[in-house]
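Report on one structure; see the data block that follows.
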Amino acid sequence: MTRKLLEVKDLHVSFMTYAGEVQAVRGVDLHVNAGETLAIVGESGCGKSVTVQAIMRLLPEPPAVIKKGSICFDGDELAGKSDKEMENYRGNAFSMIFQDSMTALNPTMKVGKQLVEAIKAHQKISSEAAKQSALQLLDKVGLPNPKLTYRTFPHTLSGGMRQRIMIAMALSCNPGVLFADEPTTALDVTMQAQILDLMANIKQERQNSIVLITHDLGVVAKMADRVAVMYAGQIIEEGDKEEIYYNPKHPYTWGLLGSMPNLIQERKGMLMSIAGSPPDLFSPPVGCAFAPRCDYGMKICVKQPPSNQHLTIGHKIRCWLYHEQSPRKIKPPVGRNKSRQDEEGGTT
Amino acid sequence: MKKHELIQVKNLTKTFHVGKKQVIRAVDDVSFVIAKGETLGLVGESGCGKTTVGRTMIRLYQPDSGEVLFKGENVHQVSKSQNKRITRCMQMIYQDPYASLNPFFTVGEIISEGLEIHALCRTKKEKQQRVYELLEMVGLHRSHINRFPHEFSGGQRQRVGIARSLAVNPEFIICDEAISALDVSIQAQIVNLLIELQRKLELTYLFIAHDLAMVRHISDHTAVMYLGSLVESGQTEDVYNEPLHPYTRGLIEAVPVADPEYEAARSQRIIKGEIPNFTDLPSGCRFRSRCDLATERCAVEKPLLRDVRESHYVACHNI
């Protein structure tokens, strides 16, 4: 029986700026089961980082405002909790690996001291015990010489090593959910492979949940169990990894999958691209946010936002195409169903 | 000479002086050719010298030794009077669409600057007509001519950068990580545009990138760089289907593929360790410190790029 460890319902987050209100997150529903990896994919500015930072309550308020929504961790409602109360959750219940390890680590403190500080903030243990546990963590994340690394400053380490320290710090209090915000985007491919391998090993050992934020569908295919696709502050499609890759339903997901060049196959013509650019979130469109860029748009798409629909168990979508009154039956241009049709078409 | 070799790079070496006594060989004895109308993809991890190769080729840097031949002419030794002609033929599209456009110039001024320098238009009207033509060619609108760069999105700015480089009718364009700053769906737009323009205008590209999948998509030939040297080069399909150098193999295996079943069935040998520092390079083969196949010979002798199969070159003692 899968247990929902974290559940977010109808989350709205806005930023109050001089130019007006930016509605960065506009009604996100998601849940994370115990021991699974959920990937949130989307392009820059779609609100994936803001969602996660709102859950951890890391956004500066003001300018950020969590307008409404409920965040439930293991049965506790977090919305409305004070900053002081949130301290107990951060680190213990969930922690975060940030994208840019250079700005996330303190440049004036030695690595060891930063780790010990994090450990002592959440656990009542002696300095000596904290030091031992920090050294163990550094060893666990695969740093070649933990004792030496303990005494160095972050700037003397490479990007990959700093990212390992970030992981060590995030793991220090054994969190239930580990948020990883583009953990490998700043790294080279060989380093990325090493870090992803490390994260997979740690997950297998500790059985924690991971929420992986990324725009790289290759990383998602490698790491995730479930995928949520975000666009303009909303989750537009969510489902098991196989469903999303082989049986995608939303035109935006088709576009994302189609615009990736293939590493393992020979070039076949042009890439699929999505015309235009994402909407301005100062004044988000009335209807579906993707409608202006969508090849399959209908009249209703610009008038009214689509609601969440359950297609099969665990596959949710926000799109009018699958409404029972929708006149259109569309063959997706990507995914497994499409390739089968092509093959059949070729043989007959 | 086979086909029409537009660009020949021969034993190019570029060093930089760091501090008082240290010298970095950022590009070490690199040679390749690009035929007219083709695309060479140059891949490698950050700091391997890809950009330095590109910048030396369009004469932003002077090489320490070696030469770059454009249609058989050494670009670093042309007379002053011929200087402009070479500049006009070789253009570059830069990585950062935010930093590479002057924020005080309108799009029209940015694009027409090259036209003025090379005196390609006689009248103002002709110039305006040409800018309109270029804007439409790259998928922008005529009305954008009087706007400033900050009014555009990243993808649109990159289109302005492309229009600027096309303005002077170049034959050869260096795309230096031209798409890596953009989102996936926008990357696809720009790559499609580059391929379309290549067909229409018979352009030749040097496509510098770290995204291996994109390089496979756009290039006819691929060259792989590691710490300033080429380790493998050949026809793109040969390099990707049968990578011979252990570094190329590791690099391709390290890229996650957007196909869950393939990813689950795949065996990955992860390249261990980190890229060594340029100031402290291993002796002999530069990849030796991370290589599984390394032998004693690798520590002593630097492997040279040699022909292993038909136009497939590898620099490794053990292949």
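Protein chains in written order, with the numbering used here: chain A, 643 to 990; chain B, 14 to 332. All residues carry an ideal CB built from backbone N, CA and C; glycine is no exception. The structure presented is a predicted model; accordingly, all values stated were derived computationally and were not measured.
Extent of the continuous alpha helix (DSSP H) run through residue i
i	result
N115 (chain B)	Careful: N115 (chain B) lies outside any alpha helix (DSSP H) and carries neither H nor E.
G881 (chain A)	First-last for G881 (chain A): Q876 to D882, but that is the beta strand (DSSP E), not the alpha helix (DSSP H).
T895 (chain A)	P893 to G900
Q142 (chain B)	K137 to M150
N843 (chain A)	V831 to R848
H325 (chain B)	Careful: H325 (chain B) lies outside any alpha helix (DSSP H), inside the beta strand (DSSP E) at H325 to V327.
E309 (chain B)	E309 to V313
D781 (chain A)	S769 to K782
Q805 (chain A)	G801 to L813
Rounded straight-line distance, which links the Cα of residue j to that of residue i
i	j	result
Q834 (chain A)	E146 (chain B)	43 Å
D718 (chain A)	R848 (chain A)	22 Å
K651 (chain A)	T52 (chain B)	49 Å
S156 (chain B)	K971 (chain A)	38 Å
G127 (chain B)	R143 (chain B)	12 Å
D937 (chain A)	S686 (chain A)	22 Å
E663 (chain A)	Y731 (chain A)	29 Å
Q104 (chain B)	L179 (chain B)	8 Å
H131 (chain B)	D320 (chain B)	42 Å
A810 (chain A)	G50 (chain B)	50 Å
A271 (chain B)	E129 (chain B)	46 Å
E287 (chain B)	R303 (chain B)	8 Å
Q141 (chain B)	G121 (chain B)	8 Å
T217 (chain B)	Q171 (chain B)	18 Å
L647 (chain A)	A681 (chain A)	15 Å
S968 (chain A)	A874 (chain A)	23 Å
I878 (chain A)	L240 (chain B)	43 Å
L747 (chain A)	G57 (chain B)	28 Å
S166 (chain B)	N331 (chain B)	48 Å
G32 (chain B)	E274 (chain B)	51 Å
V692 (chain A)	N734 (chain A)	21 Å
C311 (chain B)	R301 (chain B)	6 Å
Q983 (chain A)	E885 (chain A)	The predicted position of Q983 (chain A) is uncertain, since its pLDDT is 42 and thus under 50; a value taken from the coordinates is nonetheless stated next. Cα to Cα, the separation comes out at about 17 Å.
H30 (chain B)	P927 (chain A)	55 Å
P289 (chain B)	Y107 (chain B)	27 Å
G60 (chain B)	K84 (chain B)	29 Å
Q805 (chain A)	V91 (chain B)	48 Å
G67 (chain B)	L720 (chain A)	53 Å
Range of the contiguous beta strand (DSSP E) that encloses residue i
i	result
L953 (chain A)	Q951 to T954
Y239 (chain B)	H234 to Y239
I708 (chain A)	A706 to F715
K27 (chain B)	E18 to V31
S851 (chain A)	S851 to T856
S925 (chain A)	Premise fails: S925 (chain A) is in no beta strand (DSSP E) and is neither H nor E.
T679 (chain A)	T679 to V683
6 Å Cβ shell around residue i - same chain, five flanking residues per side excluded
i	result
H325 (chain B)	G247 and D251
K762 (chain A)	A772
F79 (chain B)	Note on residue identity: the sequence assigns Gly, not Phe, to residue 79 (chain B). Once the five neighbours on either side are set aside, the close Cβ partners of G79 (chain B) are K23, N24, L25 and T26.
I284 (chain B)	G263 and R303
I697 (chain A)	I713
L318 (chain B)	L243, Y326 and A328
A933 (chain A)	G939, C943 and V944
Residue burial classification, residue i (beta-carbon count within 10 angstroms, cutoff 16)
i	result
I203 (chain B)	buried
L780 (chain A)	buried
H892 (chain A)	buried
V869 (chain A)	buried
H258 (chain B)	buried
D823 (chain A)	buried
S743 (chain A)	buried
R212 (chain B)	exposed
R793 (chain A)	exposed
L701 (chain A)	buried
I124 (chain B)	buried
K710 (chain A)	exposed
S232 (chain B)	buried
V313 (chain B)	exposed
Residue i beta carbon near the ligand GTP (any heavy atom closer than 7 Å)
i	result
L672 (chain A)	As far as ligands go, the structure on display features none, and thus does not contain the ligand GTP.
Residue-chain proximity (residue i, chain C), Cβ-Cβ < 8 Å
i	result
N843 (chain A)	The question asks about chain C, but that chain is absent: this structure's protein chains are A and B.
Residues sharing a beta bridge with residue i, DSSP
i	result
N730 (chain A)	For N730 (chain A), which the question treats as bridged, DSSP gives no partner whatsoever.
F185 (chain B)	B:M103 and B:T217
E649 (chain A)	A:H673 and A:C714
Close beta carbons around residue i, own chain, < 7 Å, minus the five adjacent residues each side
i	result
A48 (chain B)	K16, H17, E18 and L19
F740 (chain A)	A746, M808 and D823
E770 (chain A)	none
Own chain, CB closer than 8 Å to residue i, minus 5 neighbours either side, in chain order
i	result
K789 (chain A)	L777
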